[in-house]
Amino acid sequence: MSDPKFDAAHARLEKLWAAGKEFLGTDYAIMAGAMSWVSERHLVSAVSNAGGFGVIACGSMTPDLLSAEIAATKEMTKKPFGVNLITMHPQLDDLIEVCREHNVGHVVLAGGLPSSASIKQAKEFAKVVCFAPALVLAKKLIRSGADALVIEGSEAGGHIGPVSLTVLVQEILPEISDIPVFCAGGIGRGEAITGLLEQGAAGVQIGTRLVCAEECIAHPDFKKAFIRASARDAVTTVQLDDRFPVIPVRALANKGTDEFRETQRKVIEKFRSGELDQGAAQLEIEHFWAGALRRAVIDGDVESGSVMAGQSVGMVKKEQPVTEILQELVEQAVQSLIKRDS
189 MSDPKFDAAH ARLEKLWAAG KEFLGTDYAI MAGAMSWVSE RHLVSAVSNA
239 GGFGVIACGS MTPDLLSAEI AATKEMTKKP FGVNLITMHP QLDDLIEVCR
289 EHNVGHVVLA GGLPSSASIK QAKEFAKVVC FAPALVLAKK LIRSGADALV
339 IEGSEAGGHI GPVSLTVLVQ EILPEISDIP VFCAGGIGRG EAITGLLEQG
389 AAGVQIGTRL VCAEECIAHP DFKKAFIRAS ARDAVTTVQL DDRFPVIPVR
439 ALANKGTDEF RETQRKVIEK FRSGELDQGA AQLEIEHFWA GALRRAVIDG
489 DVESGSVMAG QSVGMVKKEQ PVTEILQELV EQAVQSLIKR DS
């Protein structure tokens, strides 16, 4: 027997994220964040099969590796999924062509402001999603042809910008109505999804909540670190000297975090003493984290590796199937609407 309150709330949720669902071609307007070493065929296909929108993280893959990953994902799901490409990749044009060859329906351009040429190239065969860290850039991306935007707050894991999602939604959502906008960063419960949809978002993107999915290939120790962590454990990397910029990365504080600070200090001392020039010093700092994420995700080195996590990590309580995670989020969203109407 149906519950009129539940049915009404569910219908309202469907209306709120209708544009996002239509754009993605999914049951839920929930995108999976593209997490290097994590967002591969198993998690991507599981998310899409569960009604969300999986996204392959290309990262530093070569065109051949990406081609194999797309083909393998297609063997595991017939549902829509996307491919996230880093705009700074030296073979970006070739990677876009790989997506064309595989008839990928959605290309996500991330890691920097994509060129109009890259957007145009991808738009010839796919819907193009871009990240907008500010209103002026959101408008520029729309003029360049972006079909949808993601606005990601500093609460997110991995490489982040300086502004929280709370501020970004106030800055951007009221001003953008011609294309779908998906919100990301710190989203761990369905109540947050409802609030963002009511402010004008077409849907959301989640990453941290999916790391402890049963289908995720991350090392058991990596998942245990997430389950044990609280929001305040997910901190951003510290920059010690303005002459040596560090792209902020949010990850769980560990021995590696302390070692990175110490490495910066030693390199800066070498620069000041004339032992290193500025270019060599910058390179030494940047090389510290090379392979650190893989060591954590794949090898389980959660002490010295980079355990990238968003502040919603405190809401990750256990390992769950993807289907259960998404259903839980949707149930919470519906229940929040019932409470508001009662």
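As numbered in the numbering used here, residues 189 to 530 make up the sequence shown, in order.
Don't be surprised by glycine CBs; every beta carbon is placed ideally from N, CA and C.
Item to complete: Using only alpha-carbon positions, find the residue among S461, E210, L440 and L464 that is nearest to F410.
Response: L440
Discussion item. Just verifying my parser: in three-state terms, what is the DSSP assignment at N291?
Written reply: coil
Item to complete: Flag this pair as touching only if the region 507-522 and the region 380-400 have three or more C-beta atom pairs under 8 Å; answer yes or no.
Response: yes
Worksheet item: Rounded to a whole number of angstroms, what is the C-alpha to C-alpha distance between M264 and V232?
Response: 9 Å
Discussion item. Residues in the same chain with beta-carbon distance under 6 Å from D215, minus the five sequence neighbours each way, listed in chain order, please.
Written reply: G239
Worksheet item: Should C404 be listed as close to the ligand SAM, given that the test is whether its C-beta is under 8 Å from any heavy atom?
Response: Of ligands this structure carries none, so the ligand SAM is not represented either.
Worksheet item: Can you list, in chain order, the residues of its chain whose CB lies under 6 Å from that of G286, leaving out five sequence neighbours each side?
Response: At residue 286 the sequence reads Val, which differs from the Gly that was named. Cβ within range, chain order: P251, L254 and S255.
Discussion item. Quick check: what's the CA-CA separation for L201 versus L525?
Written reply: 8 Å
Worksheet item: How would you call P192, buried or exposed, if buried means at least 16 neighbouring beta carbons within 10 angstroms?
Response: exposed
Worksheet item: Out of curiosity, what's the CA-to-CA distance linking G444 and D281?
Response: 35 Å
Worksheet entry | Segments assigned alpha helix (DSSP H), at least 4 residues, entirely inside the region 222-300 | 229-237, 251-264 and 280-289
Discussion item. Applying the 10 Å Cβ sphere with the 16-neighbour rule, what's the burial state of D489?
Written reply: buried
Worksheet item: Between F432, A390 and V510, which lies nearest to F211 when the distance is taken from Cα to Cα?
Response: A390
Worksheet entry | Expected contact under 8 Å - CB spacing of G349 and S342 to nearest Å | 6 Å
Worksheet item: Nearest-angstrom Cα distance between H230 and I339?
Response: 26 Å
Worksheet entry | Under 9 Å between C-beta atoms of R449 and L428 | yes
Worksheet item: Q393 lies in the beta strand (DSSP E); which residues open and close that run?
Response: G391 to I394
Worksheet item: How about A480 and S494: do their beta carbons lie closer than 9 Å?
Response: yes
Practice prompt. With DSSP as the reference, please indicate the residues paired to R431 in a beta bridge.
Written response: None, per the DSSP bridge assignment.
Item to complete: Mark K315 as exposed unless 16 or more other C-beta atoms lie within 10 angstroms of its C-beta, in which case mark it buried.
Response: buried
Discussion item. If contact is defined by three or more beta carbon pairs under 8 Å, each pair taking one atom from either stretch, is the region 501-518 in contact with the region 394-410?
Written reply: yes
Worksheet item: Can you give the Cα-Cα distance for T511 and D430, rounded to whole angstroms?
Response: 45 Å
Worksheet entry | DSSP-derived helix/strand/coil call for G345 | coil
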